[in-house]
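The structure appears right after this line, and notes come after that.
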Amino acid sequence: MFYVAKATDRQKVVNAYKQSSVETASPAELVLMLFNVCLRSMKEAINCIEAKDYSGANEKLVHAQDITDELRAALDLSVGDLAARLNSLYSFVYLCLLKANVHKEAGLVHDAVNVMTQIRDAWEEAVRNYG
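Here the sequence shown stands for residues 786 to 916, where the numbers follow my numbering.
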């Protein structure tokens with residue numbers, strides 16, 4: 786006889802897997818996870834804006850803003866030019882998300898997604914090549 790897991794049981798397994806992934810990830814992998822969650826929230830916000838679900842868009846945009854702000858706060862600006870450039874890019878993304886939330890404009894979120902995707906892709910390559 787086969788056991789068919791209930792939806793709540795499956796969700797518990799998924800949550801346990803996610804928790805395990807976070808607990809065993811390196812700091813660089815955790816940052817990569819943040820990028821991915823941020824991008825997912827931005828893309829969900831675009832869908833919400835297009836569906837005129839402005840409450841949902843607000844929730845997703847604020848979540849993406851919070852992550853962007855945390856990424857920016859984690860920068861050590863004393864170590865060189867790269868951190869300063871990332872700070873500027875994160876500030877741009879944050880401002881796009883803020884304006885998108887005020888004006889409910891998906892195009893601004895697309896701009897933020899494009900910038901954050903480039904940063905994430907570079908980070909992902911660095912993690913892959915340097916651990």
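Quick reminder that beta carbons are idealized off the backbone N, C-alpha and C, glycines included.
By Cβ distance below 7 Å, which residues in the same chain neighbour residue i in space, the five residues on each side in sequence not counted?
i      : result
Asn843 : Asn886
Glu862 : A small correction: the amino acid at residue 862 is Leu; Glu does not occupy that position in the sequence shown. Ala868, Ala869 and Asn872, listed in sequence order.
Leu856 : Leu819 and Tyr875
Leu860 : Ala868, Leu871 and Asn872
Indicate whether residue i and residue j have their beta-carbon atoms separated by less than 8 Å.
i      : j      : result
Ile831 : His888 : no
Leu883 : Gln850 : yes
Val878 : Ala897 : yes
Met827 : Met901 : yes
Ile852 : Ala891 : no
Arg905 : Leu846 : no
Helix, strand or coil for residue i, going by three-state DSSP, please let me know.
i      : result
Lys845 : helix
Lys837 : coil
Ala858 : helix
Ser811 : coil
If you drop the 5 nearest sequence neighbours on each side, which residues of the same chain put their C-beta closer than 6 Å to that of residue i?
i      : result
Met893 : For the sequence presented, residue 893 should be read as Leu rather than Met. Here the set comprises Cys881, Lys884 and Ala885.
Starting from the C-beta of residue i, find all residues in its chain whose C-beta is less than 8 Å away, skip the five residues before and the five after it, and write them out in chain order.
i      : result
Tyr839 : Cys833 and Lys889
Hey, is the segment 864-872 in contact with the segment 813-827, meaning 3+ C-beta pairs nearer than 8 Å? With the cut-off at 8 Å, the segment 864-872 and the segment 813-827 do not touch.
May I have a chain-ordered list of the alpha helix (DSSP H) segments no shorter than 4 residues that lie completely inside the segment 866-903? Counting only runs of 4 or more, we get 866-888.
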